[in-house]
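Only one structure is covered here, and it is reproduced in the block below.
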Amino acid sequence: MKIEQKKWTAQKGWEVLSTDSFSEVPQLVLAFSSSQLAREGKIFEEIRQMYPQSHILQASTAGEIISNEVNDDSVALSAIFFEKTTLEFHQEAINDPLNSLEVGRKLSTALSKDNLRHVLVFSDGLKVNGSALVQGLIENLKGVSITGGLVGDGSNFKNTYIGLDALPQEGIVVIVGLYGDSLNIGYGSLGGWDPFGPARLITKSDKNILYELDNRPALDLYKEYLGELSSGLPGTGLLFPLSLRLKGNNDSEVEVVRTLLAVDETQKSMTFAGDMPEGIYAKLMKANFDRIIDGASTAANMTTESIKAGNAEFALLISCIGRKLVLKERIEEEIEAVQQTLGSQTKLTGFYSYGEICPTSPTEKQCQLHNQTMTITTFRES
Amino acid sequence: MHKILERQIQKYFPDQSNLPTDLLPFLQSVSETYDHADQDRLLIERSLELSSAELTQLNTQLRSEKNIVQKKVDERTQQLVEEQAKLQASINSLSIGYIMIDLNEAVLTINKAAEEILFLEKAGVSDNLKIPTDRYVVRDIQQRLTSIDLHSLITECITNKKIINMDDIVFHSRYLRILLSPISVNALEETIGIVILIEDITEAKIMQRSKDEFFSIASHELRTPLTAIRSTAELIEMIYKDILADARLKKMIGTIKLSSIRLTEIVNEFLDTSRLEQGRIVFKKEVVNIIELVKEIIAEMGSIAEQKHIYLALTNIEPIIYVLADKDRVKQVLVNLIGNALKFTEQGSVLVSISPMQDLTKIFITDTGKGISELNRRLLFRKFQQAGDDLYVRDTTKGTGLGLYISKIMIEKMGGKIMLEDSEVNKGTTFSCTLPSTIAPQIGSTS
Numbered sequence: 000m001k002i003e004q005k006k007w008t009a010q011k012g013w014e015v016l017s018t019d020s021f022s023e024v025p026q027l028v029l030a031f032s033s034s035q036l037a038r039e040g041k042i043f044e045e046i047r048q049m050y051p052q053s054h055i056l057q058a059s060t061a062g063e064i065i066s067n068e069v070n071d072d073s074v075a076l077s078a079i080f081f082e083k084t085t086l087e088f089h090q091e092a093i094n095d096p097l098n099s100l101e102v103g104r105k106l107s108t109a110l111s112k113d114n115l116r117h118v119l120v121f122s123d124g125l126k127v128n129g130s131a132l133v134q135g136l137i138e139n140l141k142g143v144s145i146t147g148g149l150v151g152d153g154s155n156f157k158n159t160y161i162g163l164d165a166l167p168q169e170g171i172v173v174i175v176g177l178y179g180d181s182l183n184i185g186y187g188s189l190g191g192w193d194p195f196g197p198a199r200l201i202t203k204s205d206k207n208i209l210y211e212l213d214n215r216p217a218l219d220l221y222k223e224y225l226g227e228l229s230s231g232l233p234g235t236g237l238l239f240p241l242s243l244r245l246k247g248n249n250d251s252e253v254e255v256v257r258t259l260l261a262v263d264e265t266q267k268s269m270t271f272a273g274d275m276p277e278g279i280y281a282k283l284m285k286a287n288f289d290r291i292i293d294g295a296s297t298a299a300n301m302t303t304e305s306i307k308a309g310n311a312e313f314a315l316l317i318s319c320i321g322r323k324l325v326l327k328e329r330i331e332e333e334i335e336a337v338q339q340t341l342g343s344q345t346k347l348t349g350f351y352s353y354g355e356i357c358p359t360s361p362t363e364k365q366c367q368l369h370n371q372t373m374t375i376t377t378f379r380e381s
Numbered sequence: 000m001h002k003i004l005e006r007q008i009q010k011y012f013p014d015q016s017n018l019p020t021d022l023l024p025f026l027q028s029v030s031e032t033y034d035h036a037d038q039d040r041l042l043i044e045r046s047l048e049l050s051s052a053e054l055t056q057l058n059t060q061l062r063s064e065k066n067i068v069q070k071k072v073d074e075r076t077q078q079l080v081e082e083q084a085k086l087q088a089s090i091n092s093l094s095i096g097y098i099m100i101d102l103n104e105a106v107l108t109i110n111k112a113a114e115e116i117l118f119l120e121k122a123g124v125s126d127n128l129k130i131p132t133d134r135y136v137v138r139d140i141q142q143r144l145t146s147i148d149l150h151s152l153i154t155e156c157i158t159n160k161k162i163i164n165m166d167d168i169v170f171h172s173r174y175l176r177i178l179l180s181p182i183s184v185n186a187l188e189e190t191i192g193i194v195i196l197i198e199d200i201t202e203a204k205i206m207q208r209s210k211d212e213f214f215s216i217a218s219h220e221l222r223t224p225l226t227a228i229r230s231t232a233e234l235i236e237m238i239y240k241d242i243l244a245d246a247r248l249k250k251m252i253g254t255i256k257l258s259s260i261r262l263t264e265i266v267n268e269f270l271d272t273s274r275l276e277q278g279r280i281v282f283k284k285e286v287v288n289i290i291e292l293v294k295e296i297i298a299e300m301g302s303i304a305e306q307k308h309i310y311l312a313l314t315n316i317e318p319i320i321y322v323l324a325d326k327d328r329v330k331q332v333l334v335n336l337i338g339n340a341l342k343f344t345e346q347g348s349v350l351v352s353i354s355p356m357q358d359l360t361k362i363f364i365t366d367t368g369k370g371i372s373e374l375n376r377r378l379l380f381r382k383f384q385q386a387g388d389d390l391y392v393r394d395t396t397k398g399t400g401l402g403l404y405i406s407k408i409m410i411e412k413m414g415g416k417i418m419l420e421d422s423e424v425n426k427g428t429t430f431s432c433t434l435p436s437t438i439a440p441q442i443g444s445t446s
C-alpha cells in the first residue's frame, strides 16, 4: 500500500503532507472537505487534474481529519495505491429517508461477493435513515464487515454532498468493495459519553422521528436542559445525545447512541440519525471529556484486535460532530490519542460525521449505526 | 475578553501598552477557551441541577407509590391468609382424604383423613392441616398403595389433563375410591399440580353387598312358596273343576293363581336384576334372525293388542336380518319394550321396525301412546323407575320399575345400546335398541 496525503486551505492552497513517492496510479483518492468546497467545482477539477486515472471519492464533512490535524474549510486528501487489493464502486441516489432500506439492499446486491474482504460506505448525512440503510446493506452482506459513515455539513445540518468521480451532489450513497486475501482490516468504534438522569420511555415516535418521551414533548425536555443554548438547535442538541437500549440477537440488549439531526418546532418533533422505537427506554447523555478521548484510543485498540499482527498502514477515522462540538479546542487530542495507539507509521485521514457505521465489537461483523463515537477502520496489505 | 484573563493580564503585565500586538490573537484564543470552559461548566451544572430535581421528584413519587403498593400488599396478604385459613379448615374437616401434590410429586397439602385412611404417620406433623417441614412425597404414599402405580397415574393425569377415577382399590382388606384431578390455572394453561381424593368406601360396599345378598336370598326363598301357591291354585282349578260351580269361589281361585303368576314375575325380575348386577348371568353369542324373533313375539303378544284394539305389527318386509346376541335375552328385552308400549297406549298402534347397518342393527319400537314428559325422560333406565305420570307415587300394579333397568344392562352386555329416541306427550314414544350385526349363520350355530 502506498499513500500520498495532501491538504488544501484557502491561505496556502495544496500542501503535500506526506508521500510514499510512487509512480503507480492510485486506485482510490479520498477527499474530505467543507460542504461549500465540495459544492464548488474548482476543488474537484483540481483533484481530477492531479489524479486523472483514479477513482475520486469526495465528501462534505463537519470537520476534516488529516494526519494529526482537525480542520474546517479545508480539503483532506489521501491517494491510495493498493498493491494487492482490487476495488469495486457502486452508488445510488436517495431523496427520501423512507427509501433507505431499499437503497441499502440495491447497493449490497450490486456488489460482487467473491473474495470480498470489506465494504466502505459513505452516505448522505440528512436524506437517509442510517439504521434502515445499514439494515438493507447487511441483508446481502452477511459475514462481511462494513464500516463508514453519514457525511456532514459543519454544524448547519442543511446540505451534505458526496461525489464519486463527479462533482459532489446531495442525496448520494457510495459503497466501495475491497477484494483480496492480502488485505487486513481492523475496526473499532467507541463513544465515551455517560448516561445521566432518569430513564425515559419513548412514548411517541415514527421511525427516526421522536415526538414524546414519557408522554411529554421531547423538544421541551431538550430546551429545558439546553437553556440559553436551545437557540442553537439542532446543533446544540448534540450536547445531549440519547442512549437507547435496543433488543439485539438472542434477547440480548445492545446500547446504541442516537444523535439529533433536525428539529421541527411546529410538530415539536426531533429527527435523529437512527430509529427511535416506541417502548424503548432512553437516557440523556453528557460529555465526559477524558472518557471521550479515552474512547478514541480504545476504539484504536479495538482495531488492532481485528487487524491481527502487524501495524496498520492507513486508518480512516469517522468521528461524530457531537464530539467536535463538545471537545472544541481539545478536539485534536482524540486524533493524537488514536495516532499514539496505532503508531506513527499509520497515515490518518477521516472526517466528522452525522453518523458512524461499524460492527459493535471487533470480533463480530454485523454492523450497526452509531452516533457520538469515534469509528476507526485500519488497513494493511500483507 | 474573559474576566479571569483580563485580571491575569493586569496582574502579570501591569503596563499593557508594552504587550506585543502579535500576542493579541493568542490571547483572544485563550479567552475563547476560558469562555468555552465556562459554558461547559454551566451546562453541566445546569443539567445536573435539572436531573437532580427530576430524580428527587421521581424518588418522592416512588416512595408514595411504594406506600400505596405496600398497603395493597398487606391487605391482599391478610385476605389470602383468611382465605387460606378457610380453605385449610374446610379441607381438614373433610371425611375424604385430600392430598395436593406439585409437578415434582412433592406433597403440598395433606389432610388428617388422608393420613388416617393411608395409615401415614410422620414426625413433625401437627394436628392441623399438614404442610410439614419434612414433607411427604408421592413415594411415601406409593409405599402404602402398592396395588396401583401412582406415578404412572399422575403422569397420565398431567399429560391428558383429565380426571382419573378408580373404584374398588383394595388396601389392607379395605376398599378405596381414588380420584386424581389436575390443577390448571385455566383451561389452556399447563397443569401446575394434582389433587388426589381418597375415599374409604368399605362400609358402603359392605352395605351394598348385604342389600344385594338380601335381595337375592329373599327373592329366591319367595319363589318356592310362590310356585307352590300357583301350582296348588292350578290343581284346584283342574281337579275340583266341578265343585267350583260357585262363580265367586272360581273367581277367587283365579285371582290367587293370577296374583301368584304376577308375583313370580316380579321375583324373577328381582332375581334377574341381582344376577345381572353381580355379573352372574352368562350371555350366549348366537346368530339370531331378528325378523323371525320379532314375528314370534308379536304372535305371542297379539292377544293383548287385540284386547286393547291396538294395531301391533312389524314393518319390515325382508325375511332375514341377522344379529349376534343371546336370543332369550333379546326376546326378554323386546317383550319388555313392546309390553311397555302396549301398556301405555290406549289407541292406535305399536310398530316395530328393524334397520340393519354395517356394525349394529337398530330396532325401533314406536307407539301412539301417552308419551313421556321431559322430567321423566331423565329418570328412565334407572332402578325402580316407572315411566308413569308421577315418579314419586309408585303404582305397583303397573310393575316393579325394573324392566327398563334390566333391559339396559342386558343390551349393553350384548354390545348394544338402548335409548329413548323420541317422545311427545299424548302423541307417542319411540324406543330403540341396537345389537351387533352379523352376516350369515355359521353351520351348526343357528339358535
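Taken in sequence, the protein lines are chains A and B. For the first sequence, numbering that gives the first Met the number 0 gives the first residue as 0, with consecutive numbering after it. For the second sequence, numbering that gives the first Met the number 0 gives the first residue as 0, with consecutive numbering after it. The beta carbon of each residue, even a glycine, is placed where N, CA and C say it ideally should be.
Kindly indicate the opening and closing residues of the beta strand (DSSP E) around residue i.
| i | result |
| --- | --- |
| ILE242 of chain B | From DSSP, ILE242 of chain B is part of no beta strand (DSSP E); its letter is neither H nor E. |
| GLY185 of chain A | 182-189 |
| VAL384 of chain A | As shown, chain A starts at 0 and ends at 381. That puts residue 384 of chain A outside it, with no answer to give. |
| TYR174 of chain B | 173-183 |
| MET99 of chain B | 96-101 |
| SER122 of chain A | 115-122 |
| ASN288 of chain B | 285-288 |
Where do the ends of the alpha helix (DSSP H) carrying residue i lie?
| i | result |
| --- | --- |
| PRO224 of chain B | 201-238 |
| GLN69 of chain B | 23-92 |
| ASN300 of chain A | 288-306 |
| ASN155 of chain A | Counting along the chain, ASN155 of chain A falls outside any alpha helix (DSSP H), and DSSP gives it neither H nor E. |
| LYS407 of chain B | 402-412 |
| VAL102 of chain A | 99-109 |
| LEU152 of chain B | 149-159 |
| MET49 of chain A | 40-49 |
| ARG322 of chain A | 320-326 |
Let me confirm a value: residue i is counted as buried when at least 16 other C-beta atoms fall within 10 Å, else exposed. Which label applies?
| i | result |
| --- | --- |
| LYS346 of chain A | buried |
| LYS369 of chain B | buried |
| TYR391 of chain B | Here TYR391 of chain B scores only 42 on pLDDT, less than 50, and its place in the model should not be relied on; the value that follows carries that caveat. TYR391 of chain B should be labelled exposed. |
| ARG229 of chain B | buried |
| ARG381 of chain B | exposed |
| GLY103 of chain A | buried |
| ILE410 of chain B | buried |
| GLU285 of chain B | buried |
| LEU128 of chain B | Unreliable placement is indicated for LEU128 of chain B, whose pLDDT of 47 sits below 50; no coordinate value is reported for it. |
| ALA122 of chain B | Unreliable positioning characterises ALA122 of chain B in this predicted model, as indicated by a pLDDT of 45, which lies under 50. The coordinate reading is nonetheless provided below. ALA122 of chain B should be labelled exposed. |
| PHE43 of chain A | buried |
Using a cut-off of 9 Å between C-beta atoms, extract the partners of residue i located in chain A.
| i | result |
| --- | --- |
| LEU107 of chain B | Within chain A, no residue comes near LEU107 of chain B; the closest Cβ sits about 32 Å away, beyond 9 Å. |
| LEU54 of chain B | GLY196, PRO197 |
| LEU57 of chain B | PRO197 |
Going along chain A in order, which residues have a C-beta closer than 8 Å to the C-beta of residue i?
| i | result |
| --- | --- |
| LEU61 of chain B | Within chain A, no residue comes near LEU61 of chain B; the closest Cβ sits about 11 Å away, beyond 8 Å. |
Which residues in chain B have a C-beta closer than 7 Å to the C-beta of residue i? List them in chain order.
| i | result |
| --- | --- |
| GLY226 of chain A | ARG45 |
| GLU223 of chain A | LEU49 |
For my contact list, residue i and residue j are in at a C-beta cut-off of 8 Å; report their separation, rounded to the angstrom.
| i | j | result |
| --- | --- | --- |
| LEU179 of chain B | ILE162 of chain B | 7 Å |
| HIS117 of chain A | VAL150 of chain A | With 8 Å as the limit, HIS117 of chain A and VAL150 of chain A do not qualify as a contact, their Cβ atoms being about 19 Å apart. |
| SER53 of chain A | PRO25 of chain A | 5 Å |
| CYS366 of chain A | THR146 of chain A | 7 Å |
| PHE214 of chain B | PHE170 of chain B | Not really, about 28 Å apart at Cβ, beyond 8 Å. |
| ALA58 of chain A | PHE21 of chain A | Not confirmed; about 24 Å, so no contact. |
Name the chain B residues whose beta carbon is nearer than 8 Å to that of residue i?
| i | result |
| --- | --- |
| LEU238 of chain A | LEU42 |
task = Name, going along the chain, the residues of the stretch 29-52 of chain B whose beta-carbon falls closer than 7 Å to a beta-carbon of chain A.
result = THR32, HIS35, LEU42, ILE43, ARG45, SER46, LEU49, SER50
inquiry  = To be precise: take each residue of the stretch 104-117 of chain A, compare its Cβ to all Cβ atoms of chain B, and keep it if any distance is under 9 Å. Which residues remain?
reply    = none
message = Taking beta-carbon pairs under 8 Å, can you tell me which members of the stretch 325-349 of chain A lie near chain B?
response = VAL325, LYS327, GLU328
ask   = Between the stretch 264-289 of chain A and chain D, which residues of the former have a C-beta closer than 9 Å to a C-beta of the latter?
value = Absent here is chain D; the protein component of the structure consists of chains A and B.
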